[in-house]
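I have placed the structure first, in the form of C-alpha coordinates, so that the comments after it can refer back to it.
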Amino acid sequence: DVRRLNKFYHPWFFRHVQKKRSEMIRDPRVCSEVIPLEDYLFRHDRGSFWMASYKIPSFVGRTMGFALTSRRMFRLASALPQVFNKREIMLQDFMLPFSQVTSFVEVLDSYLGVWPLWFCPLRDVEGPHPIFGVPESDENYCNIGVYGIPRKTDFDFEGDNIFMEEQLIERGGRKVHYAHSFYPMELFYGDLYDGNLYAMLREKYNADGAFPHVYEKIITTDGKL
(Lines of atoms letter the chains of each structure in order from A; the text may use other names.)
(Lines give C-alpha, C1' and ligand atoms only; values in the text may rest on other atoms or scores of the structure.)
Protein backbone atom coordinates (compact mmCIF):
# COMPACT_ATOMS: atom_id res chain seq x y z
CA ASP A 8 0.00 0.00 0.00
CA VAL A 9 1.77 3.16 -1.24
CA ARG A 10 0.68 6.21 0.72
CA ARG A 11 1.13 9.60 -0.96
CA LEU A 12 1.22 12.73 1.19
CA ASN A 13 2.32 15.41 -1.24
CA LYS A 14 -0.96 16.81 -2.63
CA PHE A 15 -2.87 19.65 -1.02
CA TYR A 16 -5.99 17.52 -0.75
CA HIS A 17 -4.19 14.74 1.12
CA PRO A 18 -4.70 14.70 4.91
CA TRP A 19 -2.00 16.28 7.02
CA PHE A 20 0.44 13.61 8.13
CA PHE A 21 -0.39 13.83 11.82
CA ARG A 22 -4.10 13.43 10.99
CA HIS A 23 -3.26 10.35 8.96
CA VAL A 24 -1.30 8.89 11.89
CA GLN A 25 -4.17 9.60 14.29
CA LYS A 26 -6.60 7.83 11.96
CA LYS A 27 -4.32 4.79 11.63
CA ARG A 28 -3.89 4.65 15.39
CA SER A 29 -7.66 4.62 15.90
CA GLU A 30 -8.02 1.87 13.31
CA MET A 31 -5.33 -0.23 15.01
CA ILE A 32 -7.02 0.14 18.40
CA ARG A 33 -10.14 -1.40 16.89
CA ASP A 34 -8.17 -3.97 14.89
CA PRO A 35 -4.67 -4.48 16.38
CA ARG A 36 -3.18 -6.24 13.39
CA VAL A 37 0.13 -4.91 12.10
CA CYS A 38 -0.24 -1.91 9.80
CA SER A 39 2.35 -1.41 7.07
CA GLU A 40 2.56 1.40 4.53
CA VAL A 41 5.09 2.48 1.93
CA ILE A 42 5.70 6.23 1.68
CA PRO A 43 7.80 7.69 -1.17
CA LEU A 44 11.02 9.22 0.13
CA GLU A 45 10.22 12.83 -0.80
CA ASP A 46 6.76 12.59 0.76
CA TYR A 47 8.28 11.16 3.94
CA LEU A 48 11.02 13.78 4.26
CA PHE A 49 8.49 16.62 3.89
CA ARG A 50 5.62 14.88 5.69
CA HIS A 51 5.26 17.66 8.26
CA ASP A 52 5.62 20.57 5.83
CA ARG A 53 1.98 20.82 4.80
CA GLY A 54 0.02 22.15 7.74
CA SER A 55 3.25 23.26 9.42
CA PHE A 56 3.44 20.08 11.51
CA TRP A 57 0.02 20.43 13.23
CA MET A 58 0.05 24.16 13.89
CA ALA A 59 -2.46 24.89 11.13
CA SER A 60 -5.06 22.75 12.88
CA TYR A 61 -5.31 25.24 15.75
CA LYS A 62 -6.72 27.99 13.56
CA ILE A 63 -7.73 26.39 10.28
CA PRO A 64 -10.56 23.81 9.94
CA SER A 65 -9.73 20.52 8.23
CA PHE A 66 -12.00 21.19 5.26
CA VAL A 67 -10.05 24.38 4.54
CA GLY A 68 -6.86 22.35 4.61
CA ARG A 69 -8.33 19.96 2.07
CA THR A 70 -9.30 22.75 -0.33
CA MET A 71 -6.52 25.30 0.26
CA GLY A 72 -3.72 23.07 1.46
CA PHE A 73 -1.40 24.42 -1.23
CA ALA A 74 -1.25 27.66 0.79
CA LEU A 75 -0.46 25.96 4.10
CA THR A 76 3.20 25.02 3.80
CA SER A 77 5.46 25.88 6.72
CA ARG A 78 6.94 28.85 4.86
CA ARG A 79 3.55 30.32 3.97
CA MET A 80 2.22 29.65 7.47
CA PHE A 81 5.14 31.58 8.95
CA ARG A 82 4.45 34.53 6.67
CA LEU A 83 0.75 34.38 7.51
CA ALA A 84 1.48 34.33 11.24
CA SER A 85 3.74 37.37 10.86
CA ALA A 86 1.20 39.25 8.73
CA LEU A 87 -1.80 38.45 10.96
CA PRO A 88 -0.61 38.66 14.58
CA GLN A 89 -4.21 39.08 15.78
CA VAL A 90 -5.00 35.58 14.43
CA PHE A 91 -1.73 33.89 15.42
CA ASN A 92 -1.05 35.40 18.84
CA LYS A 93 2.52 34.45 19.73
CA ARG A 94 1.79 34.80 23.43
CA GLU A 95 -0.68 31.92 23.41
CA ILE A 96 1.68 29.47 21.70
CA MET A 97 4.53 27.36 23.05
CA LEU A 98 6.99 26.99 20.19
CA GLN A 99 10.23 25.36 21.32
CA ASP A 100 12.69 22.59 20.56
CA PHE A 101 14.27 21.03 23.64
CA MET A 102 17.38 18.81 23.34
CA LEU A 103 18.19 16.49 26.24
CA PRO A 104 19.74 13.07 26.98
CA PHE A 105 17.60 10.02 26.23
CA SER A 106 17.50 9.04 29.90
CA GLN A 107 15.84 12.35 30.79
CA VAL A 108 13.14 12.37 28.11
CA THR A 109 10.44 10.56 30.09
CA SER A 110 10.67 12.78 33.18
CA PHE A 111 10.77 15.94 31.04
CA VAL A 112 7.70 14.91 29.05
CA GLU A 113 5.85 14.11 32.29
CA VAL A 114 6.53 17.65 33.55
CA LEU A 115 5.62 19.13 30.19
CA ASP A 116 2.34 17.20 30.08
CA SER A 117 1.27 17.87 33.66
CA TYR A 118 2.30 21.53 33.61
CA LEU A 119 1.34 22.70 30.12
CA GLY A 120 -0.50 19.86 28.39
CA VAL A 121 0.79 20.46 24.85
CA TRP A 122 0.16 17.62 22.38
CA PRO A 123 1.15 16.27 19.89
CA LEU A 124 4.91 16.34 20.47
CA TRP A 125 7.69 15.76 17.94
CA PHE A 126 10.56 13.43 18.86
CA CYS A 127 13.76 13.44 16.84
CA PRO A 128 16.84 11.44 17.96
CA LEU A 129 20.14 13.31 17.68
CA ARG A 130 23.52 11.70 17.25
CA ASP A 131 26.47 13.96 17.87
CA VAL A 132 29.69 13.50 15.90
CA GLU A 133 32.99 13.30 17.74
CA GLY A 134 35.09 16.43 17.43
CA PRO A 135 36.65 19.26 19.43
CA HIS A 136 33.20 20.80 19.98
CA PRO A 137 29.67 19.34 19.88
CA ILE A 138 27.62 20.05 16.78
CA PHE A 139 24.36 20.63 18.61
CA GLY A 140 25.66 22.84 21.41
CA VAL A 141 24.82 20.30 24.11
CA PRO A 142 26.97 19.19 27.07
CA GLU A 143 29.31 16.24 26.60
CA SER A 144 27.53 13.00 27.44
CA ASP A 145 27.90 9.27 26.93
CA GLU A 146 24.28 9.26 25.78
CA ASN A 147 22.65 10.27 22.56
CA TYR A 148 20.20 13.13 22.71
CA CYS A 149 16.58 13.53 21.71
CA ASN A 150 14.96 16.69 20.41
CA ILE A 151 11.43 17.27 21.69
CA GLY A 152 9.49 19.66 19.48
CA VAL A 153 6.75 21.49 21.39
CA TYR A 154 4.52 23.33 18.93
CA GLY A 155 1.07 24.24 20.12
CA ILE A 156 -1.35 26.04 22.39
CA PRO A 157 -1.09 24.79 26.00
CA ARG A 158 -4.21 23.45 27.68
CA LYS A 159 -3.13 25.31 30.82
CA THR A 160 -5.80 27.97 31.31
CA ASP A 161 -3.50 30.54 32.92
CA PHE A 162 -0.59 30.09 30.49
CA ASP A 163 2.02 32.78 31.13
CA PHE A 164 4.20 33.03 28.04
CA GLU A 165 7.34 34.35 29.70
CA GLY A 166 6.96 32.68 33.10
CA ASP A 167 6.13 29.23 31.73
CA ASN A 168 8.92 29.38 29.15
CA ILE A 169 11.36 30.20 31.96
CA PHE A 170 10.00 27.31 34.03
CA MET A 171 10.58 24.86 31.17
CA GLU A 172 14.09 26.28 30.64
CA GLU A 173 14.86 25.50 34.28
CA GLN A 174 13.47 21.98 33.95
CA LEU A 175 15.59 21.46 30.84
CA ILE A 176 18.82 22.69 32.47
CA GLU A 177 18.24 20.40 35.48
CA ARG A 178 18.24 17.46 33.05
CA GLY A 179 21.38 18.50 31.19
CA GLY A 180 19.50 19.81 28.16
CA ARG A 181 19.65 22.81 25.86
CA LYS A 182 17.25 24.70 23.61
CA VAL A 183 17.39 25.28 19.87
CA HIS A 184 17.87 29.02 19.59
CA TYR A 185 15.50 29.94 16.79
CA ALA A 186 12.86 30.19 19.53
CA HIS A 187 12.38 32.52 22.49
CA SER A 188 14.93 32.26 25.30
CA PHE A 189 15.04 34.08 28.62
CA TYR A 190 18.36 33.00 30.16
CA PRO A 191 20.20 35.54 32.36
CA MET A 192 23.50 36.58 30.80
CA GLU A 193 25.56 35.10 33.65
CA LEU A 194 23.91 31.71 33.17
CA PHE A 195 24.19 31.84 29.38
CA TYR A 196 27.92 32.65 29.23
CA GLY A 197 28.93 31.08 32.53
CA ASP A 198 27.15 27.72 32.72
CA LEU A 199 25.41 26.93 29.45
CA TYR A 200 28.12 27.97 27.00
CA ASP A 201 31.82 28.81 27.10
CA GLY A 202 31.79 32.58 27.38
CA ASN A 203 35.59 32.81 27.64
CA LEU A 204 36.09 30.93 24.38
CA TYR A 205 33.48 33.09 22.70
CA ALA A 206 35.23 36.26 23.91
CA MET A 207 38.55 34.97 22.53
CA LEU A 208 36.97 34.35 19.12
CA ARG A 209 35.40 37.80 19.04
CA GLU A 210 38.76 39.38 19.83
CA LYS A 211 40.62 37.19 17.32
CA TYR A 212 38.30 38.12 14.45
CA ASN A 213 37.74 41.76 15.44
CA ALA A 214 34.04 41.24 16.06
CA ASP A 215 33.70 43.89 18.77
CA GLY A 216 32.14 46.99 17.31
CA ALA A 217 31.23 45.12 14.13
CA PHE A 218 28.79 42.42 15.26
CA PRO A 219 26.40 42.17 18.20
CA HIS A 220 26.96 39.56 20.89
CA VAL A 221 25.21 36.27 20.25
CA TYR A 222 23.37 36.73 23.54
CA GLU A 223 21.78 39.91 22.21
CA LYS A 224 20.60 38.07 19.09
CA ILE A 225 19.15 35.08 20.94
CA ILE A 226 17.57 36.35 24.15
CA THR A 227 14.04 37.76 24.24
CA THR A 228 14.06 41.04 26.19
CA ASP A 229 11.64 43.80 27.18
CA GLY A 230 8.62 41.72 26.22
CA LYS A 231 9.59 41.72 22.55
CA LEU A 232 8.53 38.65 20.59
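In my numbering, the protein residues as written are 8 to 232.
From the three backbone atoms N, C-alpha and C, an ideal C-beta is built for every residue, glycine too.
Whole-Å CB distance - residue i paired with residue j, under 8 Å assumed
{"i": "residue 153", "j": "residue 99", "result": "5 Å"}
{"i": "residue 178", "j": "residue 111", "result": "6 Å"}
{"i": "residue 95", "j": "residue 156", "result": "6 Å"}
{"i": "residue 149", "j": "residue 103", "result": "7 Å"}
{"i": "residue 221", "j": "residue 205", "result": "7 Å"}
{"i": "residue 57", "j": "residue 21", "result": "5 Å"}
The beta strand (DSSP E) enclosing residue i, as first and last residue numbers
{"i": "residue 101", "result": "97 to 104"}
Candidates the options, of which the one nearest residue i by Cα
{"i": "residue 132", "options": "146, 38, 12, 46", "result": "146"}
{"i": "residue 172", "options": "105, 159, 101", "result": "101"}
{"i": "residue 187", "options": "40, 168, 41", "result": "168"}
{"i": "residue 226", "options": "121, 191, 17", "result": "191"}
Unbroken alpha helix (DSSP H) run spanning residue i, endpoints
{"i": "residue 206", "result": "202 to 211"}
{"i": "residue 20", "result": "20 to 33"}
{"i": "residue 116", "result": "108 to 118"}
{"i": "residue 221", "result": "221 to 225"}
{"i": "residue 46", "result": "44 to 48"}
task = Run through the stretch 121 to 182 for me and flag every whole alpha helix (DSSP H) of 4 or more residues, listed as ranges in chain order.
result = 164 to 177
task = Examine the Cβ distances between the stretch 157 to 164 and the stretch 188 to 201 and report whether three or more of them are shorter than 8 Å.
result = No: the two stretches stay apart, fewer than three of their Cβ pairs being nearer than 8 Å.
task = May I ask you to verify whether the stretch 108 to 126 touches the stretch 213 to 220, counting CB pairs closer than 8 Å and requiring at least 3?
result = Of all C-beta pairs linking the stretch 108 to 126 to the stretch 213 to 220, fewer than three are shorter than 8 Å, placing the two stretches out of contact.
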